[in-house]
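First up is the structure itself, then whatever we jot down about it.
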Amino acid sequence: MLPTNRSRPQPRPGRSWSFSEMDFSDPKRKPRYLSKILMVALLTAMCVVMLTQPPCHRRSPSVFSIHEPGVTHVLVTGGAGYIGSHAALRLLKDSFRVTIVDNLSRGNIGAIKVLQSLFPEPGRLQFIYADLGDPKAVNRIFAENAFDAVMHFAAVAYVGESTLEPLRYYHNITGNTLVVLEAMAAHSVKTLIYSSTCATYGEPEKMPITEETPQFPINPYGKAKKMAEDIILDFSKSKKSDMAVMILRYFNVIGSDPKGRLGEAPRPELREHGRISGACFDAALGVIPGLKVKGTDYETADGTCIRDYIDVTDLVDAHVKALNKAERGKVGIYNVGTGKGRSVKEFVEACKKATGVDIKVDYYPRRPGDYAEVYSDPARINRELNWTAQHTDLQESLRVAWTWQKKHNSGYGPPQAMIL
Ligand SMILES: NC(=O)c1ccc[n+]([C@@H]2O[C@H](COP(=O)([O-])OP(=O)(O)OC[C@H]3O[C@@H](n4cnc5c(N)ncnc54)[C@H](O)[C@@H]3O)[C@@H](O)[C@H]2O)c1
Ligand SMILES: *[C@@H]1O[C@H](CO)[C@@H](O)[C@H](O)[C@H]1NC(C)=O
Ligand SMILES: *[C@@H]1O[C@H](CO)[C@@H](O)[C@H](O)[C@H]1NC(C)=O
Ligand SMILES: *[C@@H]1O[C@H](CO)[C@@H](O)[C@H](O)[C@H]1NC(C)=O
Numbered sequence: 004m005l006p007t008n009r010s011r012p013q014p015r016p017g018r019s020w021s022f023s024e025m026d027f028s029d030p031k032r033k034p035r036y037l038s039k040i041l042m043v044a045l046l047t048a049m050c051v052v053m054l055t056q057p058p059c060h061r062r063s064p065s066v067f068s069i070h071e072p073g074v075t076h077v078l079v080t081g082g083a084g085y086i087g088s089h090a091a092l093r094l095l096k097d098s099f100r101v102t103i104v105d106n107l108s109r110g111n112i113g114a115i116k117v118l119q120s121l122f123p124e125p126g127r128l129q130f131i132y133a134d135l136g137d138p139k140a141v142n143r144i145f146a147e148n149a150f151d152a153v154m155h156f157a158a159v160a161y162v163g164e165s166t167l168e169p170l171r172y173y174h175n176i177t178g179n180t181l182v183v184l185e186a187m188a189a190h191s192v193k194t195l196i197y198s199s200t201c202a203t204y205g206e207p208e209k210m211p212i213t214e215e216t217p218q219f220p221i222n223p224y225g226k227a228k229k230m231a232e233d234i235i236l237d238f239s240k241s242k243k244s245d246m247a248v249m250i251l252r253y254f255n256v257i258g259s260d261p262k263g264r265l266g267e268a269p270r271p272e273l274r275e276h277g278r279i280s281g282a283c284f285d286a287a288l289g290v291i292p293g294l295k296v297k298g299t300d301y302e303t304a305d306g307t308c309i310r311d312y313i314d315v316t317d318l319v320d321a322h323v324k325a326l327n328k329a330e331r332g333k334v335g336i337y338n339v340g341t342g343k344g345r346s347v348k349e350f351v352e353a354c355k356k357a358t359g360v361d362i363k364v365d366y367y368p369r370r371p372g373d374y375a376e377v378y379s380d381p382a383r384i385n386r387e388l389n390w391t392a393q394h395t396d397l398q399e400s401l402r403v404a405w406t407w408q409k410k411h412n413s414g415y416g417p418p419q420a421m422i423l
């Protein structure tokens, strides 16, 4: 339903976000001539008149507030985060207009700065610092901007943390998705691409996981995402909504921009809940002494857990394909994985080769709540969106990510280490 986004970007003069938009003149300057006094009086009067409408210092409407034929404007929530920043980069490269909303609770302003330096032209990229848990702020953002579609990435996303702080998860996943959906409904934004997860399936009996596999999530993270999916699906079924919805259930995301512009940089305090790739890189960097592999007695070929690792470049490609195929009144639900499971041992070997570091590995008993084997059946997304994973060489994905990690060993780091 979005057939017109292929045209070139059309930069127009207008307001794009900057951190220092303060350009009031000093009202206390002494007028030397009567004419100047009159002028000031006149301007003040005009200002008062305008104050009855929007405030008098308000600028002319920004390009972001206008639906422009041939330009698809996408709101990317969580665009300062790992996947959202990669998605924004791809959208910008494909000539979409992008607004990122993020409150930087977990993302990085450094990622935003990289994107801004790559796409500085007016009307391409706008960053709005806001909290999606604040319905008034979200409503204002939708009122002031003309979005054609929303990619909703913003969330908290650590299974372990979700069992320790379930309310944080229901609040920031389920609650915030409701806020976004209400704003979309109120402002007639009709296309939603939603970031869901294989954690909504829980521990299925049969592998691989298809989209028909029953969803019985076993942790608050998976449950919060499942609830958000249900809210979206119920709303999309209601006659009035006429929404185009694409729900993408990602498997384990790895890798980073092949050109080394963006990477994955979670907050240091999240390390303990972290994902396996982050732990491997931390071990290779010497930030942690080694890797702890939990569980070697699973019923798998080498006894360690099996997961389906999807490269972030392929993942964002799936988002763009989903956006281009989204149709009013229809819902698409897709697994996004390679279809091939890899064991933790395989992963660790690939990581050792990719980093060139002989990472120390210690084996521990199973971690409660981990399931032996999870991998996707991506047949539906292959068939319906003509999407297949291209970056399926684990070692190569990890090598690309490692290249970024090595150069950014404190993430996007202190401002002086950044490109701008
Ligand atoms: N990384 C994975 O392996 C994986 C797997 C499956 C699904 N997902 C989903 O993908 C999405 C993105 O994950 P990620 O790995 O990029 O996470 P991330 O933590 O790197 O990014 C999330 C971003 O959302 C922002 N955010 C969170 N709460 C917010 C709020 N209330 N208001 C504004 N901004 C807020 C954070 O600041 C951060 O920039 C999430 O929805 C996650 O559940 C990720
Ligand atoms: C981000 O949003 C959360 C609510 O989801 C809020 O509690 C937190 O204080 C915000 N963080 C910042 C830095 O604004
Ligand atoms: C999430 O929600 C909780 C409330 O349960 C809040 O305290 C927290 O700051 C929120 N934001 C994040 C990013 O966790
Ligand atoms: C599917 O994708 C392939 C490779 O990306 C492309 O060559 C082919 O033309 C596409 N097929 C359709 C029907 O769009």
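Heads up, the sequence shown is in the working numbering, so the first residue is 4 and it goes up one at a time. Heads up, the beta-carbon is just placed ideally off N, CA and C, and yes, glycines get one too.
Tell me whether asparagine 389 counts as near ligand 4, meaning its Cβ is closer than 7 Å to at least one heavy atom of that ligand.
-> Numbered from its first residue, the sequence shown carries residue 389 at position 386. True, at least one ligand heavy atom lies under 7 Å from that Cβ.
Please list, following the chain, all residues that have a C-beta closer than 7 Å to any non-hydrogen atom of ligand 3.
-> Ser108, Arg109, Gly136, Val159, Leu170, Arg171, His174 and Asn175
When DSSP labels each residue in this structure, what does leucine 121 get in the three-state scheme?
-> Position 118 of the sequence shown holds residue 121. Of the three classes helix, strand and coil, the one that applies to leucine 121 here is helix, per DSSP.
Any heavy atom of ligand 1 closer than 7 Å to the CB of tyrosine 374?
-> Position 371 of the sequence shown, counting from 1, holds the residue named residue 374. No.
Give the secondary structure of glycine 113 by DSSP, where H, G and I count as helix, E and B as strand, and everything else as coil.
-> Along the sequence shown, one-based indexing puts residue 113 at 110. Three-state result, glycine 113: helix.
Is valine 256 helix, strand or coil when you go by DSSP?
-> Numbered from 1 along the sequence shown, position 253 holds the residue referred to as residue 256. Strand, per DSSP.
Look at valine 101 and threonine 80 and say whether their C-beta atoms are less than 8 Å apart.
-> Position 98 of the sequence shown holds residue 101. Position 77 of the sequence shown holds residue 80. No Cβ-Cβ contact shorter than 8 Å links valine 101 with threonine 80.
Burial state of lysine 209, where buried means 16 or more other Cβ atoms lie within 10 Å = Residue 209 sits at position 206 when you count from the first residue of the sequence shown. Per the 10 Å Cβ criterion, exposed.
Do you know how far the Cα of valine 77 is from the Cα of arginine 9?
-> Working through the sequence shown from its first residue, we reach residue 9 at position 6. Working through the sequence shown from its first residue, we reach residue 77 at position 74. In this prediction, arginine 9 has a pLDDT of 40, which is less than 50 and means its spatial position is unreliable; what the coordinates show is noted afterwards. Rounded to the nearest angstrom, the two C-alpha atoms are 14 Å apart.
Local conformation of aspartate 365 per DSSP, three classes | Here residue 365 corresponds to residue number 362 of the sequence shown, with the count starting at 1. Strand, per DSSP.
Anticipated Cβ contact below 8 Å, glycine 178 with glycine 205, distance rounded = In the sequence shown, counting from the first residue as 1, residue 178 sits at position 175. In the sequence shown, counting from the first residue as 1, residue 205 sits at position 202. No, glycine 178 and glycine 205 are not in contact; Cβ-Cβ is about 22 Å, not under 8 Å.
Hey, how far is the Cα of arginine 143 from the Cα of glutamine 129?
-> Your numbering for residue 143 matches position 140 in the sequence shown. Your numbering for residue 129 matches position 126 in the sequence shown. Those two C-alpha atoms are separated by around 15 Å.
Count the other CB atoms within 10 Å of the CB of histidine 322; is the residue buried (16 or more) or exposed (fewer)?
-> In the sequence shown, the residue the question calls residue 322 occupies position 319. Buried: at least 16 other Cβ atoms inside 10 Å.
Out of curiosity, what's the CA-to-CA distance linking glutamate 168 and proline 72?
-> For the purposes of this step, residue 168 is identified with residue 165 of the sequence shown, where counting begins at 1. For the purposes of this step, residue 72 is identified with residue 69 of the sequence shown, where counting begins at 1. Whole-angstrom Cα-Cα distance: 45 Å.
Serine 198 CB to nearest heavy atom of ligand 1 below 7 Å | Along the sequence shown, one-based indexing puts residue 198 at 195. Under cutoff, so the answer is yes.
Taking glycine 126 as the reference, give the member of Pro138, Asp137 and Asn148 with the closest Cα.
-> Sequence index remark: in the sequence shown, residue 126 carries index 123 (1-based). Among Pro138, Asp137 and Asn148, the Cα nearest to that of glycine 126 belongs to Asn148.
Contacting residues, own chain, Cβ-Cβ under 6 Å from alanine 146 (five flanking each side not counted) | Along the sequence shown, read from residue 1 onward, the residue named residue 146 stands at position 143. Here the set comprises nothing.
Measure the Cβ-Cβ separation of valine 182 and leucine 236 and say whether it is below 8 Å.
-> Indexing the sequence shown from 1 puts residue 182 at position 179. Indexing the sequence shown from 1 puts residue 236 at position 233. Annotated as distal: valine 182 and leucine 236, with beta-carbon spacing of 8 Å or more.
Might you give, ordered along the chain, the residues of its own chain that have their beta carbon closer than 6 Å to the beta carbon of alanine 268, omitting 5 neighbours on each side?
-> Locating residue 268 in the sequence shown gives position 265, where the first residue counts as 1. Within the same chain, alanine 268 has close Cβ partners Asn111, Gly414 and Tyr415.
Residue from Ala160, Lys328 and Gly266 with nearest C-alpha to glutamate 387 | As a first step, residue 387 must be located in the sequence shown, where it is residue number 384. Ranking Ala160, Lys328 and Gly266 by Cα distance to glutamate 387 puts Lys328 first.
Excluding the five sequence neighbours on either side, which residues of its own chain have a C-beta within less than 8 Å of the C-beta of alanine 325, listed in chain order?
-> As a position in the sequence shown, residue 325 is number 322, starting the count at 1. Counting only Cβ-Cβ distances below 8 Å, and skipping sequence neighbours, we find Ile196, Met249, Leu251, Gly335, Tyr337 and Leu388.
In this structure, does DSSP put valine 182 in helix, strand or coil?
-> Locating residue 182 in the sequence shown gives position 179, where the first residue counts as 1. The answer is helix: DSSP assigns valine 182 an H, G or I state.
Under 7 Å from any heavy atom of ligand 1, does the C-beta of isoleucine 103 make it?
-> Position 100 of the sequence shown, counted from the start, is the residue given in the question as residue 103. No, the Cβ of isoleucine 103 stays beyond 7 Å of every heavy atom of ligand 1.
Taking glycine 310 as the reference, give the member of Gly344, Lys242, Asn385 and Lys355 with the closest Cα.
-> The count along the sequence shown starts at 1 and reaches residue 310 at position 307. Looking at the sequence provided, one finds arginine at residue 310 rather than glycine. The shortest C-alpha separation from arginine 310 is found at Gly344.
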